[in-house]
Structure formats: C-alpha cells, structure tokens
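**Student:** The sequence shown begins at 25 in the numbering used here and counts up by one.
Below is one structure. I have some questions about it.
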Amino acid sequence: MKAFLFNILVVGSLCLRSQSILFPNDGIDWGHYPSHEQTRLALIKEINKSLGNKVGTLPGGRVLGNLSDYYVFDVTEDGLLDIIYSGPYGEGNAVIIFENRNGHFIQSDAIPGELTGLRRMELSRTIEIQTHSYPCCAGSLHSIRVVVVNSTPKKVELITLSKIDFIEGTADLIHSMNPVIFETVNPEYRLRATPQILNDYDLGIETIDGSNTVATYPSGSIGSAVGKTVDDTGRIWWMVIMKNNLKPIKTLMYYNNDSRGSESIGWMSSNFVKVIEAKSE
25 MKAFLFNILV VGSLCLRSQS ILFPNDGIDW GHYPSHEQTR LALIKEINKS LGNKVGTLPG
85 GRVLGNLSDY YVFDVTEDGL LDIIYSGPYG EGNAVIIFEN RNGHFIQSDA IPGELTGLRR
145 MELSRTIEIQ THSYPCCAGS LHSIRVVVVN STPKKVELIT LSKIDFIEGT ADLIHSMNPV
205 IFETVNPEYR LRATPQILND YDLGIETIDG SNTVATYPSG SIGSAVGKTV DDTGRIWWMV
265 IMKNNLKPIK TLMYYNNDSR GSESIGWMSS NFVKVIEAKS E
C-alpha cells in the first residue's frame with residue numbers, strides 16, 4: 025500500500041511537473057470556454073453580489089489584478105461557468121478559484137504563485153493546478169506547488185499534492201529522460217545547484233559549505249530523476265526531485281529548521297544511488 029501511494033503522489037503527477045517546470049510549454053489550454061470581456065464582467069458582477077464586496081478585495085479596499093487576470097473555466101464540469109483568478113496578491117502572485125453554484129459564488133483560499141499548469145484529472149474529474157512562486161527581495165529560491173481543487177458542499181477545498189523548491193539556474197543544461205525512482209546509498213549525499221563538483225561557488229545566498237551544494241541527504245532518501253547531463257569528466261548527473269523523507273537533512277531550503285516543502289529539485293550524481301523503479305515509455 026505504501027508503494028502504491030508513493031507512485032500515485034510522486035510518479036502520478038511527475039509528468040505534469042517535470043514537463044512544465046523543466047521544459048515549459050507555450051501556455052495553458054483553456055479549452056472552448058468563453059473568455060471575452062462581457063462574459064468575464066457579467067460573472068464578476070455576480071461574484072460581487074455573492075461575496076458582498078469587490079472581487080479579490082484586500083485590506084484597504086484594493087482590488088486584485090486586472091480584468092485580464094480572471095479566466096472563465098468550468099472547474100467542476102457541471103455546466104456552470106466559474107472563474108480562476110491568477111495575478112497579483114499581497115507581495116507576490118496567487119491563484120484563487122471562484123466557483124459558481126447556481127449563480128451564487130464561493131471563493132477558495134489563495135494558492136501562492138503564478139499559474140503554470142492546469143489539467144483535468146481523468147479518474148476524479150477534478151482539476152490539478154500548478155503554480156510557480158519566483159524569488160523575491162533579491163533571493164534565489166523558487167517554489168512549485170501542485171494542488172488538486174476539490175469541491176465540497178460548504179467550500180472549495182485545496183489539497184496539496186506536492187511543494188518543491190529549487191535554486192535559480194538549476195534547470196540549465198538538461199536533457200529529458202524517462203523517470204527513475206531511486207534511494208541514496210552514501211550518507212550526506214549532496215544535492216547541487218549545478219551538474220558539477222564546485223568547491224568554490226557563489227550561489228548569491230548563504231551556502232552550506234561554500235560550494236554549489238544546496239542540500240545533503242542521509243542514505244535511504246528517496247528521489248525521482250527526471251533529467252540528465254554529463255560533465256567534462258564524464259560523470260553522469262541526474263536532475264532529481266528529492267523527497268525530504270529522512271532526517272538529518274542540511275539544506276538551504278529550510279527556514280527555522282522546518283522544511284519549506286515536501287520535496288526539493290537539484291542535481292545529484294548517479295554514482296551512489298540504488299534504482300528502485302525505472303519508468304519506460
């Protein structure tokens with residue numbers, strides 16, 4: 025059962041994540057739903073009536089984003105048009121769902137980041153949303169969230185499948201590969217920002233040891249390789265999504281000794297890992 029759940033959570037959404045994080049497409053397919061201005065304005069008017077204030081109002085009365093930040097989409101496939109907002113929120117960006125319930129609208133919590141992925145899940149017919157939070161304040165840390173939108177009688181529920189972090193520039197020099205699930209063999213195995221061993225490297229942020237290491241993992245840590253490259257010495261490097269499943273982990277992606285997310289992206293040498301499962305086409 026544990027292996028089955030692992031495959032559902034990690035490998036099940038791996039295709040969407042690896043494709044849109046590492047190999048961005050040309051945008052989101054919103055389907056045949058109307059997106060012209062009059063339709064959006066009419067729906068936003070009804071949302072205002074339901075919520076008793078302006079759509080997406082922040083403290084002080086400031087309205088979120090522009091009209092172009094509100095997208096028409098039938099989230100629940102009930103024939104009623106809903107709204108997905110993706111735009112400015114607080115100090116960054118966020119995604120908010122406004123679900124149409126026979127003319128009365130309810131609002132989801134905010135999903136931090138910019139909308140980068142949207143798909144209909146085949147079995148449940150709910151939608152899966154991916155967002156990307158970019159670094160702020162001269163930082164270097166990116167965060168990717170994958171969230172399922174689940175409609176319940178009283179609210180729009182957001183179920184987080186994963187949150188993964190990576191350092192600026194990590195996804196350079198990559199070639200796609202069929203996913204490989206593995207576990208680390210050596211203790212304190214290094215996850216690096218770039219696919220090479222550099223003992224003197226400026227990440228632009230506080231480092232673990234002055235190198236391009238962004239995290240170290242104990243033996244038995246689980247990861248999924250989704251890309252690869254070869255350095256000048258012939259060493260094979262995997263682009264990996266690491267599960268933060270075992271401690272102790274030294275990482276640049278922790279705040280106050282707590283993980284910022286359940287997973288982290290980086291480069292790892294394929295030399296001292298044990299393959300658990302290799303996915304074929």
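Even glycine gets a Cβ: it sits at the ideal position worked out from N, Cα and C.
Can you tell me the Cβ-Cβ gap for G116 and S74, rounded? I've got them flagged as a contact below 8 angstroms.
**Tutor:** At roughly 26 angstroms, the Cβ-Cβ gap does not stay under 8 angstroms, so G116 and S74 are not in contact.
**Student:** Grouping DSSP H, G and I as helix and E and B as strand, with all else coil, what is S164?
**Tutor:** Coil.
**Student:** So what does DSSP say about E70, is it helix, strand or coil?
**Tutor:** Helix.
**Student:** How many Å lie between E181 and M292 at the Cα?
**Tutor:** Approximately 35 angstroms, taken between the alpha carbons.
**Student:** In terms of alpha-carbon separation, which member of A134, V173, P136, Y113 lies closest to E101?
**Tutor:** Nearest C-alpha to E101: V173.
**Student:** Which same chain residues end up closer than 7 angstroms to G127 when comparing Cβ atoms and leaving out the 5 residues on each side of it in sequence?
**Tutor:** If we look at G127 and ignore the five residues flanking it on each side, its Cβ neighbours are E70.
**Student:** Relative to the C-alpha of T63, which candidate in G55, G76, Y94, A249 has its C-alpha closest?
**Tutor:** Nearest option by C-alpha distance: Y94.
**Student:** Within 10 angstroms of its Cβ, does V299 collect 16 or more other Cβ (buried), or is it exposed?
**Tutor:** Flag for V299 reads exposed.
**Student:** Taking the alpha-carbon positions, what's the F129 to N236 distance?
**Tutor:** Cα-Cα distance, rounded: 48 angstroms.
**Student:** Mapping the DSSP letters down to three states, classify F47 as helix, strand or coil.
**Tutor:** Any reading at F47 must be qualified, since the residue scores a pLDDT of 45, below 50, and its modelled position is unreliable; no value is offered.
**Student:** Alpha carbon to alpha carbon, how far is I151 from L105? Give it in angstroms, no decimals.
**Tutor:** Spanning the two alpha carbons is a distance of roughly 14 angstroms.
**Student:** Leaving aside the five residues before and after T184 along the sequence, list all residues of the same chain whose C-beta is less than 7 angstroms from its C-beta, in chain order.
**Tutor:** If we look at T184 and ignore the five residues flanking it on each side, its Cβ neighbours are R169, V171.
**Student:** If we count the other Cβ atoms within 10 Å of its Cβ and call it buried at 16 or more, is A302 buried or exposed?
**Tutor:** Exposed, because fewer than 16 other Cβ atoms sit within 10 Å of the Cβ of A302.
**Student:** Could you give the distance in angstroms between the alpha-carbon of S167 and the alpha-carbon of M266?
**Tutor:** Rounded to whole angstroms, S167 to M266 spans 14 angstroms at the Cα level.
**Student:** Who are Q154's beta bridge partners in DSSP?
**Tutor:** In DSSP, Q154 forms a bridge with G141, V170.
**Student:** My output table needs one value for R149: the three-state DSSP class, helix, strand or coil.
**Tutor:** In this structure, R149 counts as coil in the three-state DSSP scheme.
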